[in-house]
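Peer 1: Residue numbers (our numbering): 105 to 651. Got a structure for you, written out below as structure tokens; questions coming shortly.
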């Protein structure tokens, strides 16, 4: 027992000395780190908390505070005309803050409508009128006009107030559908036969730097990756003796693929202005370089392949919208020839004049292209032998088709979307889906594929619901407009009916008046005849008495 207690004491003392020696080394180093500003070198929790705080702050989506900030009152002040005397002459200056249009645009209209340019007689170029000048300040969107008299300044001010009205803004929903599919069938043959039939007769392809090239190449001429892909079928034998090799291999490859691209951008553009949608691809193109005294070699260059759509809307007074469109489709195509080096091609459609009702769609189609290419290489006559002809030939066959459709739907815009609504939509798109899995779901779906599918279906259903809601609101708006139009037509019809009744009553009153005047005239006539008859009777009576 004594021995065990003594052993523990000795070991405890040695351990204490060991720890004490380590502390003597660590404490000075720690003190130096603290003094040198590295006191939090060993602290891990602050770093974790700081990282989480930064990530949380950067991933937070917030609305714009005070989004409806009003401009300074000076911009709301009415236009002003100042009378000035320059070089002993009275002049007037117009100070006008543009409300709905840019100052440069209104300045152009003023120059075109008033005598800012003097047009002399024939064979003399026009020159600026020194009595007039117009300038614009883009920082304040203010127009400054100098005129020779106050009367002309008032005319210009009246013109500006007439043309500076709110412009019509058009919302354009674009749906761009692009479909592409291709089918490729390719085989190439590698052939090498030495000492054919025991004689010194050789048959085969060429060798470059010790590498046997295909005797009849296929698509590898235009696509370098084709050399690394495919299945070789045939027979190869080397007896280990130089000059005794037999190799017949056919490299086969069939590929099928498709591409679907669906874009749905939404644009807001002022009436008469141009909006542009552009998609660019930076594609590689092989280029053959030929230099004197050097073997030709192929380098790779990159070119832009651009798909673009330009739209310019024009809103008419009857509610119809005209769309001027210009569609440009670029593609990387392969021409004919042995090498078949790809080139860049462009296809364009321009549509200048059309009129559609707002809410209806303009379809720009016709950009449909189908290509079929088949190149056969081989030995004459031998390539036409059934079955065996495949050993003396190659074929590069490709068929592809492409179609691009633009569906453009213009509507009169009511303005932008409220920031709070748009932020809420973005939050929903970036939110992590909530998913509480049961034990059975965890065992049957350990990777959460079902949850992801459910989330995608939920998002799709919600998007469909929002589209349906938007369509219903548009339909209700159109129905409300149609109801208002119907009420106006009914009111106009009622006014026309009352007007017709008034006209009819007026005609009847006029006829009654004429009849009354005619009756009065007849009565006057009868009265005259009666008075005349009475006079004749008096005369007759007097004559009888005189007798």
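Using N, Cα and C, we set each Cβ at its ideal position, and we do this for glycine too. None of the values given here were measured: they were computed from a predicted structure.
Which whole-angstrom value describes the C-beta separation of residue 350 and residue 297, a residue pair presumed to lie in contact below a C-beta threshold of 8 Å?
Peer 2: Taking the first residue of the chain shown as 1, we reach residue 350 at position 246. Taking the first residue of the chain shown as 1, we reach residue 297 at position 193. Contact holds; Cβ gap of about 6 Å.
Peer 1: Measuring CB atoms only, is the region 399-409 touching the region 370-387, in the sense that at least three cross pairs come out at less than 8 Å?
Peer 2: Taking 8 Å as the limit for Cβ pairs, the verdict is that the region 370-387 does touch the region 399-409.
Peer 1: Determine the closest residue to residue 261 out of 307, 235 and 201, with distance taken between C-alpha atoms.
Peer 2: In the chain shown, the residue the question calls residue 261 occupies position 157. When only C-alpha atoms are compared, the closest one is 201.
Peer 1: Taking all protein chains shown into account, decide if residue 321 is buried (16 or more other Cβ within 10 angstroms of its Cβ) or exposed.
Peer 2: Residue mapping note: residue 321 aligns to position 217 of the chain shown, counting from 1. Buried, since its Cβ has 16 or more Cβ neighbours within 10 Å.
Peer 1: Please state if the CB of residue 277 and the CB of residue 513 are separated by a distance shorter than 8 Å.
Peer 2: In the chain shown, residue 513 corresponds to position 409, counting from 1. In the chain shown, residue 277 corresponds to position 173, counting from 1. In this structure, residue 277 lies closer than 8 Å to residue 513 by Cβ.
Peer 1: From the DSSP secondary-structure annotation, give me the bridge partner or partners of residue 465.
Peer 2: Residue numbering aside, residue 465 sits at position 361 when the chain shown is read from its first letter. In DSSP, residue 465 forms no bridge with anything.
Peer 1: Taking just the CA atoms, how far does residue 283 sit from residue 402?
Peer 2: As a working mapping, residue 402 is identified with position 298 in the chain shown. As a working mapping, residue 283 is identified with position 179 in the chain shown. So the alpha carbons of these two residues sit roughly 32 Å apart.
Peer 1: Grouping DSSP H, G and I as helix and E and B as strand, with all else coil, what is residue 625?
Peer 2: Locating residue 625 in the chain shown gives position 521, counting from the first residue. Helix, per DSSP.
Peer 1: According to DSSP, is residue 501 helix, strand or coil?
Peer 2: Along the chain shown, one-based indexing puts residue 501 at 397. Here residue 501 sits in strand by DSSP.
Peer 1: Assign residue 496 to buried or exposed, taking buried as 16 or more other Cβ atoms, counted over all protein chains shown, within 10 Å of its Cβ.
Peer 2: Locating residue 496 in the chain shown gives position 392, where the first residue counts as 1. Looking at its Cβ environment, which holds 16 or more other Cβ atoms inside 10 Å, residue 496 is buried.
Peer 1: Since residue 653 is in the beta strand (DSSP E), which residue starts that stretch and which ends it?
Peer 2: For residue 653 there is no data in the structure shown, the boundaries of the chain being 105 and 651.
Peer 1: Using beta-carbon positions only, say whether residue 355 and residue 334 come within less than 8 Å of one another.
Peer 2: As a first step, residue 355 must be located in the chain shown, where it is residue number 251. As a first step, residue 334 must be located in the chain shown, where it is residue number 230. Cβ distance < 8 Å, so residue 355 and residue 334 count as in contact.
Peer 1: For residue 105, does the three-state DSSP call read helix, strand or coil?
Peer 2: As a position in the chain shown, residue 105 is number 1, starting the count at 1. Summary for residue 105: the model assigns pLDDT 48, below 50, so the residue's position carries little reliability; its value from the coordinates is reported in the next sentence. Reduced to three states, the DSSP call for residue 105 is coil.
Peer 1: Can you list, in chain order, the residues of its chain with a C-beta nearer than 8 Å to that of residue 188? Leave out the 5 residues immediately preceding and following it.
Peer 2: As a first step, residue 188 is located in the chain shown; it is residue number 84 there, counting from the start. Answer for residue 188: 194, 195, 196 and 197, listed in chain order.
Peer 1: Are residue 168 and residue 273 touching if we call contact CB-CB under 8 Å?
Peer 2: Stepping through the chain shown from its first residue, residue 168 is reached at position 64. Stepping through the chain shown from its first residue, residue 273 is reached at position 169. Cβ atoms of residue 168 and residue 273: not closer than 8 Å.
Peer 1: Taking C-alpha atoms, which residue in 279, 456, 218 and 605 lies nearest to residue 250?
Peer 2: Taking the chain shown and counting its residues from 1, one reaches residue 250 at position 146. When each option's Cα is compared against that of residue 250, the closest is 218.
Peer 1: Report buried or exposed for residue 164, applying the criterion of at least 16 other Cβ atoms within 10 angstroms of its Cβ.
Peer 2: Position 60 of the chain shown, counted from the start, is the residue given in the question as residue 164. So residue 164 counts as exposed.
Peer 1: Round the Cβ separation of residue 280 and residue 367 to the nearest angstrom and send it over; I've been treating them as touching at under 8 Å.
Peer 2: Counted from its first residue, the chain shown places residue 280 at position 176. Counted from its first residue, the chain shown places residue 367 at position 263. Rounded, the Cβ-Cβ distance is 4 Å, consistent with contact.
Peer 1: Report the CB separation of residue 506 from residue 473 in whole angstroms; it is logged as a contact under 8 Å.
Peer 2: In the chain shown, the residue the question calls residue 506 occupies position 402. In the chain shown, the residue the question calls residue 473 occupies position 369. Between residue 473 and residue 506 the Cβ distance is about 5 Å, and since that is below 8 Å, they are a contact.
Peer 1: Leaving out five residues before and five after residue 419 in sequence, what residues of the same chain have Cβ atoms less than 6 Å from its Cβ?
Peer 2: Working through the chain shown from its first residue, we reach residue 419 at position 315. Excluding positions up to five away in sequence, the list reads 272, 375 and 425.
Peer 1: Tell me, to the nearest whole angstrom, how far the beta carbon of residue 431 is from that of residue 453; I am working on the premise that it is less than 8 Å.
Peer 2: Numbered from its first residue, the chain shown carries residue 431 at position 327. Numbered from its first residue, the chain shown carries residue 453 at position 349. At roughly 5 Å, the Cβ-Cβ gap stays under 8 Å, so residue 431 and residue 453 are in contact.
Peer 1: With distances taken from CA atoms, which of 326, 166 and 521 is nearest residue 404?
Peer 2: Translated into the one-based positions of the chain shown, residue 404 becomes position 300. The shortest C-alpha separation from residue 404 is found at 326.
Peer 1: Taking its Cβ as the centre, do 16 or more other Cβ atoms sit within 10 Å of residue 441, making it buried, or is it exposed?
Peer 2: Within the chain shown, the letter at position 337 stands for residue 441. Low per-residue confidence applies at residue 441: pLDDT is 46, beneath 50, and the placement is therefore not dependable, though the value from the model is reported in the following sentence. Counting Cβ neighbours within 10 Å, residue 441 comes out exposed, since fewer than 16 surround it.
Peer 1: With respect to the beta strand (DSSP E) encompassing residue 455, which residues constitute its N-terminal and C-terminal limits?
Peer 2: Locating residue 455 in the chain shown gives position 351, counting from the first residue. Start and end: 447-455.
Peer 1: Of the choices 223, 242 and 222, whose alpha-carbon is the least far from that of residue 208?
Peer 2: Position 104 of the chain shown, counting from 1, holds the residue named residue 208. Of the listed residues, the one whose Cα sits closest to residue 208 is 242.
Peer 1: Label residue 635 either buried or exposed according to how many other C-beta atoms from any shown protein chain fall within 10 Å of its C-beta, with 16 as the threshold for buried.
Peer 2: Position 531 of the chain shown, counting from 1, holds the residue named residue 635. The residue is exposed, with fewer than 16 neighbouring Cβ atoms inside 10 Å.
Peer 1: From residue 534 to residue 500, what does the alpha carbon distance come to, in whole angstroms?
Peer 2: As a first step, residue 534 must be located in the chain shown, where it is residue number 430. As a first step, residue 500 must be located in the chain shown, where it is residue number 396. Cα to Cα, the separation comes out at about 47 Å.
Peer 1: My assumption, with CB atoms under 8 Å, is that residue 332 sits in contact with residue 309. Please give the rounded CB distance.
Peer 2: Position 228 of the chain shown holds residue 332. Position 205 of the chain shown holds residue 309. At roughly 18 Å, the Cβ-Cβ gap does not stay under 8 Å, so residue 332 and residue 309 are not in contact.
Peer 1: Rounded to whole angstroms, how far is the Cβ of residue 257 from the Cβ of residue 185, which I believe are closer than 8 Å?
Peer 2: In the chain shown, counting from the first residue as 1, residue 257 sits at position 153. In the chain shown, counting from the first residue as 1, residue 185 sits at position 81. Contact holds; Cβ gap of about 5 Å.
Peer 1: Quick one: is residue 485 buried, meaning 16 or more other Cβ sit within 10 Å of its Cβ, or exposed?
Peer 2: For this step, residue 485 is matched to residue 381 along the chain shown. By the 10 Å Cβ count, residue 485 comes out exposed.
Peer 1: Who are the near neighbours of residue 631 in its chain, counting only those whose CB is closer than 6 Å to its CB and skipping five residues on each side?
Peer 2: Taking the first residue of the chain shown as position 1, residue 631 is located at position 527. Closer than 6 Å at Cβ, skipping near neighbours: no residue.
Peer 1: Since residue 203 and residue 268 should fall inside the 8 Å C-beta cutoff, what is the C-beta to C-beta distance between them, to a whole number of angstroms?
Peer 2: The sequence position of residue 203 within the chain shown is 99, counting from 1. The sequence position of residue 268 within the chain shown is 164, counting from 1. About 5 Å separates the two Cβ atoms, so the contact holds.
Peer 1: Inspect the beta-carbon positions of residue 415 and residue 462 and report whether they are closer than 8 Å.
Peer 2: The count along the chain shown starts at 1 and reaches residue 415 at position 311. The count along the chain shown starts at 1 and reaches residue 462 at position 358. No. Outside cutoff.
Peer 1: Determine the closest residue to residue 287 out of 323, 266 and 253, with distance taken between C-alpha atoms.
Peer 2: On the chain shown, residue 287 is found 183 positions in, with the first residue counted as 1. Among 323, 266 and 253, the Cα nearest to that of residue 287 is on 323.
Peer 1: Quick one: give me the first and last residue of the alpha helix (DSSP H) that residue 350 is part of.
Peer 2: For the purposes of this step, residue 350 is taken as residue 246 along the chain shown, with counting starting at 1. First-last for residue 350: 349-367, but that is the beta strand (DSSP E), not the alpha helix (DSSP H).
Peer 1: Do residue 211 and residue 247 have their C-beta atoms within less than 8 Å of each other?
Peer 2: Position 107 of the chain shown, counted from the start, is the residue given in the question as residue 211. Position 143 of the chain shown, counted from the start, is the residue given in the question as residue 247. Yes, the Cβ-Cβ distance between residue 211 and residue 247 is below 8 Å.
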